[in-house]
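A.B. asks: Below is a structure I'd like to ask you about.
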């Protein structure tokens with residue numbers, strides 16, 4: 004499959020479980036900007052048909068909540084998972100989606116993960132914690148800038164934004 | 052975390068499987084061996100609980116069809132529709148406008164298609180294509196993708212088609228809002244309909260091929276599958292008034308292992324007169340049973356196998372022909388072969404595609420009468436045949452429109468005792484007095500996987516939770532651990 008479309012953003016997580024909704028929230032913010040050449044998708048989790056969708060794009064960005072790691076977020080390149088990737092559930096990892104895009108559809112999209120730090124996941128509730136909301140705003144600002152510039156201004160130090168703080 | 056009662060028994064050793072891979076949810080299998088290395092006891096434990104039934108209390112009833120989708124990211128549509136059916140009763144509606152019911156049915160068949168396709172192609176096919184003893188590094192979907200790429204792509208595309216139908220009927224992929232109390236909030240546009248019709252021939256071809264794979268595998272391996280994790284049981288499902296399989300609505304029918312009817316065409320609003328739930332101290336998941344038979348003899352199976360066994364016929368021609376061949380295997384009597392779930396599931400997949408075709412050609416889907424209204428009632432009970440089996444939603448609502456009581460019996464909970472029986476049968480048949488290998492432990496998972504359990508749903512938790520297997524000897528020492536990364540000691 005020849006990738007015909009430029010950028011796919013997949014925001015995933017469960018908005019009914021507090022900060023687990025960071026990925027879908029980011030997807031909503033990006034979608035509202037209607038940035039040309041950017042396709043936005045949202046789901047509870049990554050599943051097999053995302054591989055087919057990814058294969059139709061040159062760049063795929065996986066936005067998810069992070070239970071640990073840098074604040075406010077980390078934007079990092081992603082490689083397809085190696086052969087021994089474990090598939091243990093209906094849901095897939097971002098690396099597995101890239102691997103399946105390659106194995107099933109012969110495509111090699113460039114992958115990135117945008118891991119937005121969250122703090123509360125164990126209760127039901129459709130809201131973000133205040134700190135997670137701030138992290139989301141910073142992540143959205145960064146990503147909108149990167150997408151509108153066609154990633155021209157995103158170098159590795161900027162990409163690893165959180166680590167440079 | 053559940054603690055087994057058997058750990059401290061000095062004359063036994065214990066096998067624990069945690070996590071079982073390629074099933075949803077978190078659970079643990081413990082297998083207790085005696086000093087002669089014979090299986091003394093085998094149990095499937097469910098180890099998380101989040102109390103969704105308590106959480107939803109105090110919420111306005113009209114939120115329920117959306118809120119319950121938080122139960123599970125795997126089959127939110129089933130909960131959405133079961134809750135909506137319950138809320139129909141709350142708003143006093145017994146008969147929906149034709150457009151509303153048909154849109155809900157289309158949503159449901161899309162859910163059935165995507166769920167069955169994913170389970171068969173991506174969770175089960177590695178066991179069938181490579182064998183139960185194959186290297187786990189290969190025995191997964193990536194291995195299937197590399198050796199059988201066409202098959203893996205078919206699985207993806209079938210599922211995608213079902214997901215697109217859900218999106219078109221529910222409004223969006225997550226937290227869909229399509230079904231509302233008393234009806235539906237949108238119809239299907241002509242453009243949406245034509246988009247689905249365009250791909251339908253290809254979907255039919257793949258569905259027929261999938262059924263053939265399941266049928267041929269079952270027949271070719273009948274000798275080894277017939278007894279694998281198998282046992283006699285009762286079966287339960289919804290059934291249409293004329294005895295046809297109906298995945299969306301009907302009365303309750305229960306039959307015994309020989310096909311004798313225990314009850315039939317029961318109005319499911321009276322389910323509490325027929326079904327009770329037993330609690331056991333070693334699992335958070337309850338054990339439903341038929342009241343008239345008691346907990347020892349009254350447990351039953353639900354899901355594709357049960358539905359094939361309870362139905363008098365299927366009302367779509369290709370699936371009915373497949374059902375007749377399926378029932379020939381057991382001379383028209385109920386099929387109690389656990390691994391026959393896969394064949395039954397693919398018959399249902401083809402049935403769902405036939406139903407989708409019929410609905411897409413029905414002009415009622417473009418109708419504009421979407422919602423009915425009636426007189427408020429305090430109780431709403433909604434049942435649906437979810438991909439994994441009969442799903443019960445029961446709500447009580449006060450005069451302030453707030454939910455004051457909620458009881459859910461999810462499909463996997465209905466299959467709780469059968470899964471335990473399957474684990475015990477496989478453990479006794481394969482794990483006694485032998486060197487424990489990953490392939491042998493995988494047989495436990497194969498038996499559980501036949502039921503396509505969703506343990507996160509069954510325990511009212513969300514997220515991805517695996518299952519593990521452990522074997523502990525009579526001396527209390529760990530002998531083997533299965534699931535992710537097998538460890539043999």
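Chains as they are written, first to last, in this note's numbering: chain A, 4 to 168; chain B, 52 to 540.
Note that CB positions come from ideal geometry on N, CA and C, so glycine has one too.
1. Would you tell me roughly how many angstroms separate the C-alpha atoms of residue 142/B and residue 137/A, rounded to the nearest one?
2. By the criterion of Cβ-Cβ separation under 8 Å, what are the contact partners of residue 226/B in chain A?
3. With a threshold of 6 Å on Cβ separation, who are the neighbours of residue 176/B within its own chain once the five nearest residues in sequence on each side are excluded?
4. Which residues, in order along the stretch 187-210 of chain B, keep a beta-carbon less than 8 Å from a beta-carbon of chain A?
5. Taking 8 Å as the cut-off, does the stretch 197-210 of chain B touch the stretch 103-113 of chain A (at least 3 CB pairs, one atom from each stretch)?
6. Can you tell which of 15/A, 16/A, 72/A and 41/A has its C-alpha closest to the C-alpha of residue 150/A?
7. Run down chain A in chain order and give the residues with a C-beta less than 9 Å from the C-beta of residue 575/B.
8. Whose CA, out of 145/A, 11/A and 147/A, lies closest to the CA of residue 53/A?
9. Which residues in chain A have a C-beta closer than 8 Å to the C-beta of residue 121/B? List them in chain order.
10. For residue 51/A, would you say it is in contact with chain B, using Cβ-to-Cβ distances shorter than 8 Å as the test?
11. Once DSSP output is grouped into helix, strand and coil, what is the label at residue 381/B?
12. I'd like to know whether the C-beta atoms of residue 232/B and residue 154/B end up nearer to each other than 8 Å.
13. Let me know the beta strand (DSSP E) ranges lying completely inside the stretch 398-460 of chain B, each 3 residues or longer, listed in chain order.
14. Cα separation between residue 96/B and residue 520/B?
15. Determine contact between the stretch 221-232 of chain B and the stretch 129-138 of chain B, defined as no fewer than three beta-carbon pairs at a distance below 8 Å.
16. Out of curiosity, what's the CA-to-CA distance linking residue 528/B and residue 90/B?
17. Starting from residue 246/B and walking both ways along the beta strand (DSSP E), at which residues does that stretch end?
18. Expressed to the nearest angstrom, what Euclidean distance is found between the alpha-carbon atoms of residue 524/B and residue 106/B?
19. Report the three-state DSSP secondary structure of residue 393/B (helix, strand or coil).
20. Taking residue 46/A as the query, report the chain B residues whose CB atoms sit under 7 Å from its CB, ordered along the chain.
21. Which value, in whole angstroms, describes the spacing of the CA atoms of residue 370/B and residue 262/B?
22. What's the gap between the Cα of residue 130/B and the Cα of residue 193/B?
23. Below 8 Å on C-beta distance, what does residue 180/B contact in chain A?
24. Anything in chain B within Cβ reach of residue 27/A, meaning under 8 Å, just list it in chain order.
25. Of all the CB atoms in chain B, is at least one closer than 8 Å to the CB of residue 34/A?
26. Who are residue 92/B's beta bridge partners in DSSP?
27. Helix, strand or coil for residue 31/B? Go by DSSP, reduced to three states.
28. Leaving out five residues before and five after residue 121/A in sequence, what residues of the same chain have Cβ atoms less than 8 Å from its Cβ?
29. Can you list, in chain order, the stretches of the alpha helix (DSSP H) that have 4 or more residues and sit fully within the stretch 132-217 of chain B?
30. Determine the direct distance from the alpha carbon of residue 115/B to that of residue 330/B, and round the result to whole angstroms.
31. Against residue 54/A, what residues of chain B qualify as contacts under a CB-to-CB distance less than 7 Å, listed in chain order?
32. How is residue 61/A classed by DSSP in three states: helix, strand or coil?
33. Among the candidates 150/B, 239/B, 183/B and 256/B, whose CA atom is the shortest distance from the CA of residue 201/B?
34. Can you find the residues in the same chain that come closer than 7 Å, C-beta to C-beta, to residue 283/B, ignoring five residues on each side of it along the sequence?
35. Since residue 589/B meets chain A, which of its residues come closer than 8 Å, beta carbon to beta carbon?
36. Can you look up residue 54/A in the DSSP assignment and give me helix, strand or coil?
C.D. replies: This is what the structure gives:
1. 41 Å
2. 18 and 19
3. 195
4. 188, 191, 192, 193, 196, 197, 200, 203, 204, 206, 207, 208 and 210
5. yes
6. 41/A
7. Nothing about residue 575/B can be reported from this structure: the residues present for chain B run from 52 to 540 only.
8. 11/A
9. 17, 19, 20 and 127
10. yes
11. coil
12. no
13. 430-437, 440-448 and 454-460
14. 10 Å
15. yes
16. 16 Å
17. No beta strand (DSSP E) holds residue 246/B; the alpha helix (DSSP H) holding it covers 241-271.
18. 41 Å
19. helix
20. 224 and 225
21. 10 Å
22. 30 Å
23. The premise fails here: residue 180/B is roughly 14 Å from chain A at the closest Cβ pair, so nothing lies under 8 Å.
24. 225
25. no
26. 83/B
27. The requested residue 31/B is not part of the displayed model; chain B covers only 52 to 540.
28. 21, 22, 23, 25, 68, 69, 70, 131, 132, 135 and 138
29. 149-168, 176-181 and 192-198
30. 26 Å
31. 207
32. strand
33. 256/B
34. 308 and 387
35. Not covered by the structure: residue 589/B. The range shown for chain B is 52 to 540.
36. helix
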